[in-house]
Each structure stands twice: as C-alpha cells, then as structure tokens.
Amino acid sequence: MAILLPQQFFTLAAGVGKSYYENLAGGTNAAVTVQNNSANPVNLVLTRVNAPVITYVIPGGNSLTLSVQLLLVAALQATAAGAAFGFIQVATSDF
Numbered sequence: 403m404a405i406l407l408p409q410q411f412f413t414l415a416a417g418v419g420k421s422y423y424e425n426l427a428g429g430t431n432a433a434v435t436v437q438n439n440s441a442n443p444v445n446l447v448l449t450r451v452n453a454p455v456i457t458y459v460i461p462g463g464n465s466l467t468l469s470v471q472l473l474l475v476a477a478l479q480a481t482a483a484g485a486a487f488g489f490i491q492v493a494t495s496d497f
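Numbering-wise (the numbering used here), the sequence shown opens with residue 403 and increments by one.
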C-alpha cells in the first residue's frame with residue numbers, strides 16, 4: 403500500500419538544513435519530490451539502509467523526483483549561495 407504524506411513547505415536560510423522525513427525502524431521504499439521555487443540551489447540529502455549518504459543539488463526554479471529503496475532520512479539544506487524555499491513531498495510504499 404502506498405501512503406502519500408502531506409506536502410511540506412520549506413524556507414531555509416543560507417547554510418541551514420532540516421529533516422523532513424525520518425524512518426528509524428529499518429527504512430521504507432519511497433518516492434521523494436522536491437520543488438525549489440527560489441533562485442538559489444537547495445541540497446536534497448538522502449540516507450538509506452546500508453548505503454552511503456547521497457546529496458542531490460536542485461538548482462533554483464527546478465524540481466526533482468526520486469524513487470528510493472529503504473529510505474531512512476530525507477533532508478534539505480540551503481547552500482551558501484542564499485536562502486531557498488519551495489516544497490517537499492514523500493510517498494512511501496511497502497512493496
């Protein structure tokens with residue numbers, strides 16, 4: 403069964419990061435969508451079970467959707483270039 407979690411809006415000052423999804427019970431398969439509405443880039447940081455941390459840079463005015471196996475944490479971090487704002491949405495699945 404898939405669960406669409408509520409859309410979360412973010413406003414992050416330069417260099418500030420925040421976690422928007424955490425599953426500390428072993429991870430779950432998920433789809434993560436980030437829409438960066440600002441002019442500055444934002445980093446999407448994904449932590450998975452038994453895998454290296456992955457960071458994706460999402461340029462200003464762009465979006466990214468990823469399918470991730472065994473997701474533990476999805477976080478966003480504004481770069482030193484400046485503040486970032488937009489939204490993040492996570493959909494989890496158990497298959």
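Each residue gets a CB set at the ideal place from its N, CA and C atoms; glycine is no exception.
Across the set A482, T413, V492, the C-alpha of T413 shows the shortest separation from the C-alpha of N438. Beta-carbon to beta-carbon, A480 and Y422 are separated by about 13 Å, too far to satisfy the 8 Å threshold.
If you check the CB distance, A404 and S469 do not come in under 8 Å. About 6 Å separates the beta carbon of A483 from that of P443, a gap short enough to meet the 8 Å contact definition. The continuous beta strand (DSSP E) containing A477 extends over residues 465-480. Taking the Cβ atoms as the reference, F489 lies roughly 5 Å from Q409, within the contact range of under 8 Å. Between L446 and L478, the gap from beta carbon to beta carbon is short of 8 Å. Around Q471, the same chain offers N431 as residues with beta carbons nearer than 6 Å, after the five sequence neighbours per side are excluded.
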